[in-house]
Amino acid sequence: MKLHPYYRQVPIKDMQDSYDYLTKHKFQNHNIFKVMHVLLYPVEKLDKALNEMRTNEDFNYISLSQVKKLRLMLYFIEKEHHFTGNGIWRKYSTDLSDKTNE
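Using our numbering, you'd call the opening residue of the sequence shown number 53 and step up by one each time.
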């Protein structure tokens, strides 16, 4: 975990949600442990990456080991952030246009 620059910034609850998501999708504990920093990423991003991998025609998703699938999930998430580690952050709306002036 300490390899990730922002590992102290992710709430344990979010990590538990990510773990639950992965186990729901049949990833085994020992494989998750090998790529443990995948737990730092929000479920929404894990889900998007998993769906992207399943539909990617560049490789055979079914033939990949679970560890390779988890590593590829990280790749698909982090490539959008130029591999800076910023993929762990959730996107929050900063649009203040809905607020009315008092």
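Built from N, CA and C at the ideal position, the CB exists for glycine as well.
>> Please report the straight-line C-alpha distance between residue 84 and residue 90, rounded to a whole angstrom.
In response: Locating residue 84 in the sequence shown gives position 32, counting from the first residue. Locating residue 90 in the sequence shown gives position 38, counting from the first residue. The C-alpha of residue 84 lies about 8 angstroms from the C-alpha of residue 90.
>> My output table needs one value for residue 162: the three-state DSSP class, helix, strand or coil.
In response: Not covered by the structure: residue 162. The range shown for the chain is 53 to 154.
> When you compare only the Cα positions, how much space is there between residue 81 and residue 64?
Replying inline: Locating residue 81 in the sequence shown gives position 29, counting from the first residue. Locating residue 64 in the sequence shown gives position 12, counting from the first residue. Looking at the two C-alpha atoms, the distance is approximately 17 angstroms.
> Exposed or buried, which one is residue 93 when buried takes at least 16 other CB atoms within 10 Å?
Replying inline: Reading the sequence shown from its first residue, position 41 is the one you call residue 93. When all chains shown are included, residue 93 counts as buried.
> With 16 other CB atoms within 10 Å as the buried threshold, where does residue 121 fall?
Replying inline: The residue labelled residue 121 in the question sits at position 69 within the sequence shown. Counting other Cβ atoms within 10 Å of its Cβ, residue 121 reaches 16 or more and is therefore classed as buried.
> Terminal residues of the continuous alpha helix (DSSP H) containing residue 64?
Replying inline: Locating residue 64 in the sequence shown gives position 12, counting from the first residue. Start and end: 64-76.
>> Let me make sure I understand the geometry here. Which of 96, 75 and 100 has the alpha-carbon closest to that of residue 88?
In response: Taking the first residue of the sequence shown as position 1, residue 88 is located at position 36. It is 75 whose Cα lies nearest to the Cα of residue 88.
> Using the beta-carbon count (16 or more within 10 Å), is residue 129 buried or exposed?
Replying inline: Within the sequence shown, residue 129 is the residue found at index 77, counting from 1. Residue 129 counts as buried, since at least 16 other C-beta atoms from the protein chains shown sit within 10 angstroms of its C-beta.
> In its own chain, which residues sit with a C-beta less than 6 angstroms from the C-beta of residue 104, not counting the 5 before and 5 after it?
Replying inline: For the purposes of this step, residue 104 is taken as residue 52 along the sequence shown, with counting starting at 1. Cβ neighbours of residue 104 beyond the five flanking positions: 128.
> Going by C-alpha distance, which of 119, 124 and 66 is nearest residue 79?
Replying inline: Working through the sequence shown from its first residue, we reach residue 79 at position 27. Checking every option, the nearest Cα to that of residue 79 belongs to 119.
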